[in-house]
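As structure tokens, the structure follows; a few thoughts come after it.
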Amino acid sequence: MRQSRMSDILVIGLALFSMFFGAGNIIFPPYLGMESANQWILGFASYYIADIGLAVLAIFAVLRCKGDVNHFMSFVGNIPGKIMLSAIILCIGPLIAVPRTGATTYEMFVVPVFGQIPPAIPVFLFFAVIALLSIRPSSVVDILGKFLTPALFLGLIFLIIKGIVTPVGTIVNTFKVTSVVQEGISAGYQTMDALAAVVFGMIIVNTVRNKGYTQEQEQYKIAMCASCLAAVGLLIVYGGLTYLGATATSNMQGRLLRTELILYITRELLGNFGVLLLGVIVTLACTTTAVALISASAEYYCDLSKGKLHYSFLVVFFCIFSALFATLGTDTIVSIASPILGLLYPGMLALIACSFFAKRLKSTLVIRSAVLGALLTSLFELLYAKGLPCDFVTHLPLASLGFGWIVPSILFGCVGAILSFLFISKTTGK
């Protein structure tokens with residue numbers, strides 16, 4: 464029984480690794496390493512904490528709610544919670560994240576290997592495969608954990624080891640950014656993995672239950688161990704990719720795009736074979752992420768409609784929609800995604816933080832107020848970015864790091880606590 468349990472933890476942990484490791488996570492660390500130069504370790508640590516650190520916290524927050532993401536979101540109210548969760552799943556699903564996987568696969572695999580061909584055919588073929596892998600929700604995690612993730616992980620490790628043995632250059636002593644810590648946090652913050660982690664936590668708990676574990680404490684332990692295993696795997700890969708970027712600093716005279724940098728490093732290390740290998744790695748990363756997100760999105764909206772929208776129908780519909788949207792290209796998708804995610808992300812982080820103290824609070828008004836403060840701040844930041852006179856957001860504490868919402872969220876939470884105390888005192892007569 465113990466051997467079976469360890470095997471389940473390994474499979475689920477590898478699956479979770481592949482869910483988080485999308486194509487964007489391949490290009491962010493090397494670029495951060497190039498900018499950080501000899502301080503690449505500090506930059507990597509900042510990136511890892513802001514990305515996977517927050518994502519693991521999000522998973523633990525959902526696990527504390529017994530894997531029920533609706534219960535987790537209900538801390539902000541039933542209707543607001545459903546609206547917020549629906550918006551998040553649309554963003555990390557068929558509206559933004561999933562189409563981006565198809566577009567990235569085309570740009571980093573199809574174009575370098577096969578040349579400039581119309582994107583429609585390869586993109587639709589990609590999503591046809593995603594539909595086939597996602598059509599049976601019970602097998603999603605096993606497919607990822609047993610087959611796709613080992614191939615993805617081994618390909619990355621091979622590239623990293625080659626870069627350590629025969630580096631493309633030397634690490635210089637001059638970094639290219641004002642603050643390495645700020646740049647690392649900003650890069651990790653922009654991945655938006657904490658949003659996806661809320662949904663991934665639901666998938667992991669459901670998988671643990673489907674494997675026959677009935678006791679809540681046992682489910683919690685297995686899910687926690689799998690999450691920690693995935694975090695360790697990501698630590699190795701992200702650290703290695705950041706180091707590869709740092710070794711390229713002596714060769715970089717101009718400023719490269721993120722995709723150009725990783726293609727350059729790979730070509731220098733492994734030649735044309737490396738470009739093909741990178742294309743395969745990117746395709747696997749995009750496939751694992753797309754399968755997880757399509758499965759989660761279809762399952763959520765199937766439950767939300769109480770079965771009126773069948774899971775298989777939603778999988779096919781989301782894949783077709785994502786394929787159409789993917790043909791717009793990565794840059795267009797990112798430009799559309801940025802303001803939407805920038806609005807949602809601070810509120811979600813505030814909810815994750817507050818959920819750990821939910822049992823100690825006498826009223827959910829504190830949580831709702833804190834989330835409201837974060838959402839309002841991100842709204843004003845969005846309005847300021849659009850040219851409206853809301854420049855006060857630039858003077859908020861931690862605004863330069865992308866965390867300007869924290870202090871307003873705390874202040875709103877304190878106001879909620881005071882109002883809650885006054886309300887309770889009035890109703891009890893104390």
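Read in our numbering, the sequence shown has 756 at position 293, and its numbers run on one by one without any break. Backbone N, C-alpha and C define an ideal beta-carbon position, used for all residues, glycine too. None of these values were measured; they are calculated from a predicted model.
Between residue i and the rest of its own chain, which residues show a CB-CB distance below 7 Å, the 5 nearest in sequence each way excluded?
i      : result
VAL539 : MET547, LEU814, ILE830, ARG831, VAL834
MET464 : Unreliable placement is indicated for MET464, whose pLDDT of 44 sits below 50; no coordinate value is reported for it.
GLY516 : none
ALA550 : LEU807
TYR763 : ILE552
SER785 : PRO557, VAL561, PRO562, GLY565, PHE590
ALA862 : VAL856
LEU697 : PHE480, PHE483, PHE484, ILE515
SER775 : ILE598
TYR652 : ALA513, GLY865
Nearest by alpha-carbon distance to residue i: which of the options is it?
i      : options                        : result
GLY879 : ALA709, GLY836, LEU479         : GLY836
THR568 : GLU681, PHE587, CYS554, LEU558 : PHE587
GLY737 : LEU505, PHE572, LEU828, PHE776 : PHE572
ALA614 : TRP868, THR750, LEU772         : THR750
ILE728 : ARG599, GLY708, ILE744         : GLY708
ARG527 : PHE788, GLU679, ILE542         : GLU679
GLY703 : ASN533, PRO492, PHE484, SER481 : PRO492
PHE663 : ALA513, LEU772, PHE484, GLY618 : PHE484
GLN645 : ASP854, CYS853, TYR511, GLY876 : TYR511
ILE504 : VAL661, VAL643, ALA659, LEU732 : VAL643
THR746 : GLY578, VAL525, VAL592         : VAL592
LEU777 : LEU828, ILE559, SER597, MET536 : SER597
PHE480 : ILE490, LEU787, THR705, ALA518 : ALA518
THR705 : GLU570, VAL574, ASP854, ILE627 : ILE627
ASN636 : GLN502, ASP531, VAL532         : GLN502
ALA594 : HIS534, LEU772, PHE819, ALA755 : ALA755
TYR942 : VAL525, LEU864, PHE886         : Outside the shown range of the chain (464 to 893) lies residue 942, about which nothing can therefore be said.
GLY805 : THR641, HIS534, ILE559         : ILE559
ARG599 : SER872, PHE886, VAL779, GLY876 : VAL779
LEU787 : PHE507, TYR847, VAL574, PRO581 : PRO581
Under a three-way DSSP split, which group does residue i fall into?
i      : result
ILE598 : coil
VAL635 : coil
HIS773 : coil
SER768 : coil
LYS684 : helix
VAL644 : helix
ASP514 : helix
LYS545 : helix
ALA711 : coil
TRP503 : helix
ASP794 : helix
SER826 : coil
MET655 : coil
LEU473 : helix
ASP854 : helix
CYS528 : coil
GLY496 : helix
PHE577 : helix
MET464 : With a pLDDT of 44 at MET464, under the threshold of 50, the modelled position of this residue cannot be trusted; read the value that follows with caution. Of the three classes helix, strand and coil, the one that applies to MET464 here is coil, per DSSP.
LEU874 : helix
PRO809 : helix
PHE866 : coil
Is the CB-CB distance between residue i and residue j below 8 Å?
i      : j      : result
ARG721 : TYR494 : yes
ALA583 : THR793 : no
MET497 : ALA711 : yes
CYS554 : ILE803 : yes
ALA566 : ILE796 : yes
ASN735 : VAL631 : no
MET811 : ALA657 : yes
MET536 : GLY530 : no
HIS773 : CYS765 : yes
VAL532 : MET665 : yes
Which same chain residues, not among the five before or five after residue i, have their C-beta less than 6 Å away from its C-beta?
i      : result
GLY476 : ALA689, LEU692, ALA693
GLU844 : VAL856
THR827 : PHE538
VAL896 : Examination of residue 896 is not possible in this model, given that the chain is present from 464 through 893 alone.
LEU838 : GLY810
Just confirm the distance between the C-beta atoms of residue i and residue j, as a whole number of angstroms; I'd bet it's less than 8 Å.
i      : j      : result
LYS639 : ALA500 : 7 Å
PRO557 : SER758 : With a Cβ gap of about 12 Å, PRO557 and SER758 do not count as contacting.
ILE648 : SER509 : 5 Å
LEU859 : VAL870 : 6 Å
LEU733 : LYS849 : Not really, about 44 Å apart at Cβ, beyond 8 Å.
VAL661 : ALA521 : 5 Å
Whose C-beta lies closer than 8 Å to the C-beta of residue i among residues of the same chain, with five residues either side of it excluded?
i      : result
VAL576 : VAL738, LEU739, GLY742
ILE685 : ARG468, ASP471, ILE472, ILE475, VAL671, TYR676
ILE490 : ARG721, THR722, LEU724, ILE725
ILE634 : ALA500, ASN501, TRP503, ALA709, THR710, THR712, SER713
Verify the contact flag: residue i, CB atom, against every heavy atom of the ligand FAD, threshold strictly below 7 Å.
i      : result
GLY770 : For the ligand FAD, the structure offers nothing, since it holds no ligand at all.
Could you confirm whether any beta carbon from chain D is found closer than 8 Å to the beta carbon of residue i?
i      : result
GLU762 : Reference to chain D is not applicable here, since this structure consists of a single protein chain.
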